[in-house]
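Counting in the numbering used here, the sequence shown tops out at residue 506, every number present.
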Amino acid sequence: MAYDHTDIEKKAREKWAGLDLYSTDLLDASRELYYLLVEFPYPSGDLHIGHWYAFAVTDIYARLLRARGKNVLFPIGFDAFGLPAENAAIKNGVDPKEWTYTNMERMREQLATMGASFDWSKEVVTCDPEYYHWTQWLFVKLFEHKLAERKEAAVKWCPKDQTVLANEQVQDGCCERCGTPIEEKWLTQWFFKITDYAERLLDGLETLPWRNEIKDAQRAWIGKSEGAKLKFKVQGVSDKEIEVFTTRPDTVFGATYVVLAPEHPLLSDVGFTKSYMNGEEVEKYVKATTKKTERERSENKEKTGVKLEGVVAINPATKEEIPIFIADYVLASYGTGAVMAVPAHDERDFEFAQTVIASETRSDPQSFIKLVVEPDLVVVKSWGREWINGKEISLLDEIRAGRYPYTGNGTLVNSGEFTGRNSEEVKWDIVKAAGGEKTSPARLARESAEILGMSHSYRLYPRREAARHPARASAVAPADGCGLSAEGRPAFGGHSFKITTRVIQGTQRARDQNIRRGLDAGV
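If you want it as structure tokens, here you go:
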């Protein structure tokens, strides 16, 4: 008789469900609690083989931990807010709510056949009021503790749908839903002050049982850097300055131009925009940049940019006039959105000088390369064709000739009163002399926050959605600076499992945990 796996597996699943094998007792103090989380699927269609691939590995690990005596919390749920589900519903001519809940039911059946050991008693459905009232509660707590603030930020805007778009909702510079070319717009946004926790995030990494390469990647992502802010005055434009952040203030004597991010506020300042003569060219470049994501701009190997004609900045150390460029490799979300360019000592600046400056200024890029730090040791490096011929060239000769950027520390040259001294030892003296200030920002962009519980459809069709989901009206209160009413605020009775690490979508689990620790400590 053939093995009827379908029938046998069904009976086994029914028996396991009746035994409640995978339900986690969070009050069981006799075993160590271990929280294991998978990325919840979007209920915009059926599951696919990728879900099996991702969930099978974590399920194996959950079973291993249980076998080792741990009390494993392994929940499952559905990430049910956002445009993917709405777009699929519109495409199929179905109400988004009906489409979403139908898909969730189908996915539950598929997940059951998978046989994964999820704790279904802790199921999370992000579009249910039972879930998102906790996200509203959490936002109010962040607001009360002054960890949420409003400020202007550049966003990607669909003029047809009248809504802000995430990078993932932009395809080839157009709105994913309607195909309209997107615009860049400055709007008031909510931000979480995640950068305030950079130090604690770094400290927390030391306690995690992660591989070193993963910890190193997280440290690089947090990117807490010790450096300085320096101000470059704009010549001939009263009260206009370009503030830059640099981790190498010792190289400011070698700064030969300044680069602004295309989103930099100065490019929207009428007083500043009148100072350069190629406004149309600049505006065209800025619009082209909106079609790229920050990741594309960071990873793009080919540097592009535009020189602002007729306006210059003043190097605070040398008092020399230097040109101003805009370039998409500079990101508004990091530092101040402006960099002092030192092509002799920075690889990206060197590449920009070799390509963009050569075409934009019709000048020899070597004229922009000013060596101000020499290595203390002569380094020997195999070099191009001459290496093929069995020859080697001293890297020091290449550095001195301006054919290679030196990014290390060393002895200062061409640096005024600091010439001959060690670059690392006197960098803060240079900052003081240049009128700057020492600072330690983190690379963590302050996460733009919306009060979760308001889907994209709420912004697109507020009257229709308010009538359909009156409970969402309470979400407006914190945005107006008010707390939720007593009857609207969820009672908090210790059931913290309902606030999973996904309550602040778009932030990583470690950040959420540190924020909650701060709240618990009354910070």
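In this text, a Cβ means the ideal position worked out from N, Cα and C, and glycines have one as well.
Every unbroken stretch of the beta strand (DSSP E) spanning 3 or more residues and falling wholly within the region 18 to 70 is given here in chain order: 54 to 56, 58 to 61. Judged by beta-carbon spacing, K286 lies within the 7 angstroms limit of Y312, meaning their Cβ atoms are closer than that value. The criterion of a C-beta distance shorter than 7 angstroms is satisfied by P326 and F351. Inclusion of S251 and S104 in the CB contact set at 7 angstroms is not warranted, their separation being larger than that value. Per the C-alpha coordinates, the member of A341, L378, T239 positioned closest to E357 is L378.
T272 carries a helical assignment under DSSP once its states are collapsed to helix, strand and coil. When C-beta atoms of the region 79 to 95 are compared with those of the region 21 to 28, three or more pairs fall below 8 angstroms, so the two segments count as touching.
DSSP places T301 in the coil class of the three-state scheme, outside both helix and strand.
The alpha-carbon of W173 is positioned some 38 angstroms away from that of N54. The beta-bridge partner set that DSSP reports for N405 consists of T394.
Nearest in C-alpha terms to V220, of all of P192, G254, Q119, is G254. Where I413 is concerned, the enclosing alpha helix (DSSP H) starts and stops at 410 to 416. Between V355 and D412, the alpha-carbon positions lie close to 16 angstroms from each other. When secondary structure is reduced to three states using DSSP, E127 falls in the helix class. Non-local beta-carbon contacts of V77 in its own chain, meaning distances under 7 angstroms to residues more than five positions away in sequence, are absent. A contact is defined here as three or more CB-CB pairs under 8 angstroms, and the region 338 to 352 fails this definition with respect to the region 257 to 271. Residue environment: S398 is assigned as buried (16 or more neighbouring CB atoms within 10 Å of its CB, all protein chains considered).
The DSSP assignment places complete beta strand (DSSP E) segments of no fewer than 3 residues inside the region 208 to 251 at 210 to 217, 224 to 229, 240 to 243, in order along the chain. For Q172, the enclosing beta strand (DSSP E) begins and ends at 166 to 175. Beta bridge pairing from DSSP links M323 with V241. Take Y17, set aside five residues on each side of it, and the residues of its chain with a beta-carbon closer than 8 angstroms to its own are L48, K53, N54, V55, L56, in chain order. Boundaries of the beta strand (DSSP E) around E106: 102 to 108.
Note: T146 is bridge-paired with C141 in the DSSP secondary-structure output. In the DSSP assignment, K(-7) falls within the alpha helix (DSSP H) that extends over -12 to 2.
Taking the Cα positions, G187 is about 32 angstroms away from E226. T109 places its beta carbon less than 7 angstroms from that of F64.
According to the DSSP secondary-structure assignment, L16 is paired through a beta bridge with N54. Here DSSP, grouped into helix, strand and coil, assigns A296 to strand. Boundaries for E279: no beta strand (DSSP E) harbours it, while the alpha helix (DSSP H) harbouring it runs 277 to 282, taken from the DSSP string. Taking C-beta separations shorter than 8 angstroms and ignoring five residues to either side along the sequence, the partners of W140 in its chain run T146, V147, L148, I165, E166, E167, K168, L170, following chain order. Counting of Cβ neighbours within 10 angstroms places S281 among the exposed residues, the total staying below 16. If you draw a 10 Å sphere on the C-beta of S13, you find fewer than 16 other C-beta atoms in it, and that means exposed.
Excluding the 5 residues flanking it on each side, A238 has same chain C-beta neighbours closer than 7 angstroms at N298, I305, M323, A324, V325, in chain order. 7 angstroms or more divides the Cβ of H328 from the Cβ of Y387. Cβ neighbours of R278 within its own chain (closer than 8 angstroms, five residues either side excluded): N150. Straight through space, the alpha carbons of G98 and Y114 are spaced by roughly 25 angstroms.
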